[in-house]
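Counting in the numbering used here, the sequence shown tops out at residue 888, every number present. Please read the structure below before turning to the comments.
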Amino acid sequence: MGGHPPAVHRLLAALEDAVSRLGRETVKGVIRDHLAQLRAVGAPFPEASEIIAQLQAKLAAMARPSYPPVINATGVLIHTNLGRSPRLPVEAPGYLALEFDFESGERGERLAPVREKLCRYFGTEDALVVTNNAAALLLLLAAHARGREVIVSRGELIEIGGSFRLPEIMEEAGARLVEVGCTNRTHLADYRKALSPETAAILQVHRSNFAMTGFVATPDTASLAQLAHEAGVGFWVDQGSGCHVDLRPYGLKDEPTVQELLAAGADVVLFSGDKLLGGPQAGILVGRKQALAPLRQHPLRRALRPDKSALVALAATLDCYLSGDIQRVPLYRLLAQAEAQLKKRAQRLARQLQAAGVPASTVPTQAVLGGGTTPGQGLASWAVALPEAPAVARALRLGEPPVVCRQEQGKLLLDLKAVFPEQDGTLAVAVRRAWAYEST
Ligand SMILES: *Cc1c(COP(=O)(O)O)cnc(C)c1O
Numbered sequence: 449m450g451g452h453p454p455a456v457h458r459l460l461a462a463l464e465d466a467v468s469r470l471g472r473e474t475v476k477g478v479i480r481d482h483l484a485q486l487r488a489v490g491a492p493f494p495e496a497s498e499i500i501a502q503l504q505a506k507l508a509a510m511a512r513p514s515y516p517p518v519i520n521a522t523g524v525l526i527h528t529n530l531g532r533s534p535r536l537p538v539e540a541p542g543y544l545a546l547e548f549d550f551e552s553g554e555r556g557e558r559l560a561p562v563r564e565k566l567c568r569y570f571g572t573e574d575a576l577v578v579t580n581n582a583a584a585l586l587l588l589l590a591a592h593a594r595g596r597e598v599i600v601s602r603g604e605l606i607e608i609g610g611s612f613r614l615p616e617i618m619e620e621a622g623a624r625l626v627e628v629g630c631t632n633r634t635h636l637a638d639y640r641k642a643l644s645p646e647t648a649a650i651l652q653v654h655r656s657n658f659a660m661t662g663f664v665a666t667p668d669t670a671s672l673a674q675l676a677h678e679a680g681v682g683f684w685v686d687q688g689s690g691c692h693v694d695l696r697p698y699g700l701k702d703e704p705t706v707q708e709l710l711a712a713g714a715d716v717v718l719f720s721g722d723k724l725l726g727g728p729q730a731g732i733l734v735g736r737k738q739a740l741a742p743l744r745q746h747p748l749r750r751a752l753r754p755d756k757s758a759l760v761a762l763a764a765t766l767d768c769y770l771s772g773d774i775q776r777v778p779l780y781r782l783l784a785q786a787e788a789q790l791k792k793r794a795q796r797l798a799r800q801l802q803a804a805g806v807p808a809s810t811v812p813t814q815a816v817l818g819g820g821t822t823p824g825q826g827l828a829s830w831a832v833a834l835p836e837a838p839a840v841a842r843a844l845r846l847g848e849p850p851v852v853c854r855q856e857q858g859k860l861l862l863d864l865k866a867v868f869p870e871q872d873g874t875l876a877v878a879v880r881r882a883w884a885y886e887s888t
């Protein structure tokens with residue numbers, strides 16, 4: 449029995465690698481905590497070499513990157529837990545001309561470049577960018593509807609994962625919610641009856657993360673816009689998804705695009721930057737100058753302004769669309785992967801794995817866009833299937849790089865729809881390693 453633990457300075461000397469990565473004080477703290485835990489157990493102290501190995505394992509976990517890149521084998525393209533849309537690799541080390549006018553050398557307007565691109569791409573008079581879509585709605589309501597009424601259909605009073613609840617945002621903004629219609633059916637006449645001198649706007653909200661079918665009715669956007677404008681109130685659409693291209697070529701149903709909603713008469717359309725726009729987290733508002741001007745003056749705007757890296761990424765994403773090369777945006781490169789290609793990749797991967805002794809097979813699957821964009825709709829895809837083994841799924845998550853997969857029908861599925869083709873080799877190695885690790 450080792451009655452005494454090894455001296456801290458001896459352990460520190462054996463952990464020089466960790467010290468250089470994490471700092472001496474952090475490693476000292478981990479050593480002290482670990483020794484205290486061993487003491488608390490009351491059993492004899494292990495050998496110094498064993499204690500060092502235990503500490504090395506702990507410190508290795510701490511030295512992992514905080515937000516490591518992940519291989520997304522879940523089949524969910526816009527994955528809430530994996531940063532929604534995959535982002536363009538835009539590096540911006542050091543200083544950048546965020547608020548700088550090159551001509552005069554004076555302070556410039558931070559949003560000017562993305563505003564110009566948004567107006568050009570969506571064909572609108574004006575555009576504004578804030579931190580996210582929830583913030584966009586908050587600012588819109590606070591600027592126009594504080595102490596006034598906003599009419600919303602009962603079929604659109606949504607909650608979105610991560611505690612975005614429409615009625616609560618309205619309350620925070622000081623707007624009074626006027627609910628109209630029924631859960632399944634709301635008619636134009638319901639909106640008309642609810643109009644009053646207190647009305648600031650009619651708000652249409654995309655249902656985003658659920659679908660309603662059966663005996664349902666909603667007035668079309670153009671009639672709602674017309675009703676609002678005849679009454680002299682605003683008409684806003686919280687579209688959420690940022691759908692801006694026809695999704696039918698990708699095998700999805702027709703979704704209203706931002707451009708169509710503007711053409712139908714919306715004064716403002718708001719949406720997220722990291723859903724179907726395929727860019728960074730951002731809340732984007734496009735629409736009429738007159739409707740957006742009060743937001744620009746509002747004190748909340750400063751509190752909600754986007755970070756420079758988001759603006760750089762957003763500008764780069766918009767450049768891809770403006771150049772007509774949608775495939776340069778990672779999300780659309782994934783979406784464009786045809787079922788036949790995915791099947792070929794799955795078969796190749798499965799063969800490689802089988803050759804290494806992993807019992808892999810292939811199965812057709814339904815991938816999804818996710819992120820509350822096209823609820824209830826699947827995308828034809830293929831996966832490599834392994835016998836279900838929670839320990840293997842865990843080993844994959846903890847591997848380097850981490851791989852996140854999904855479990856379905858008693859199998860572990862590596863769905864290829866959200867995996868970039870150039871990641872296939874790395875994925876094969878990761879699966880082989882996780883399988884070998886768990887079966888020895
Ligand atoms: C996703 C979504 C939001 C919230 O957007 P964030 O960017 O997460 O703040 C709001 N409204 C709708 C309709 C959405 O789909």
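C-beta: ideal position from N, C-alpha, C; glycine also. Quick caveat, the model's predicted, so the values are computed rather than measured.
Pro778 in three-state terms, based on DSSP: helix
In terms of residues, what are the limits of the alpha helix (DSSP H) holding Ala575? No alpha helix (DSSP H) contains Ala575, which is instead part of the beta strand (DSSP E) from 574-578.
Which whole-angstrom value is the C-beta distance of Ala575 and Arg594, which I expect to be below 8 Å? Contact doesn't hold; Cβ gap of about 23 Å is too wide.
Quick check: is any heavy atom of ligand 1 less than 7 Å from the C-beta of Asp668? no
Which of helix, strand or coil does DSSP assign to Thr528? helix
With DSSP collapsed to three states, give me the class of Lys865. coil
Report yes if the C-beta of His592 is less than 7 Å from at least one heavy atom of ligand 1; otherwise report no. no
Val664: buried (16+ other C-beta within 10 angstroms of its C-beta) or exposed? exposed
Simplified DSSP state of Met449, which is helix, strand or coil: Unreliable placement is indicated for Met449, whose pLDDT of 43 sits below 50; no coordinate value is reported for it.
Give me the Cα-Cα distance between Met449 and Phe493, rounded to the nearest whole angstrom. With a pLDDT of 43 at Met449, under the threshold of 50, the predicted position of this residue should be treated as unreliable, and no value is reported.
Endpoints, alpha helix (DSSP H) assigned at Pro615: 614-620
Considering Leu628, what are the terminal residues of the beta strand (DSSP E) in which it resides? In the sequence as displayed, the identity of residue 628 is Val instead of Leu. Segment 624-628, the beta strand (DSSP E) holding Val628.
Relative to ligand 1, is the shortest distance from any of its heavy atoms to the C-beta of Asn581 smaller than 7 Å? yes
Supposed close pair Gln504, Leu463 - CB separation, criterion 8 Å: 7 Å
Could you please give me the residues that DSSP links to Met828 through a beta bridge? Correcting the residue type first, residue 828 is Ala in the shown sequence and not Met. Gln814.
Cβ neighbours of Val475 in the same chain (closer than 7 Å, five flanking residues each side left out): Leu460, Leu463, Ala466, Val467, Leu507
CA nearest to the CA of Thr813, picked from Gly805, Leu827, Leu675: Leu827
Given 7 Å as the limit, tell me if Phe612 has its C-beta closer than that to any heavy atom belonging to ligand 1. yes
At 4 residues or longer, what runs of the alpha helix (DSSP H) sit wholly inside the region 458-487? 464-470
Span of the beta strand (DSSP E) holding Thr647? 647-653
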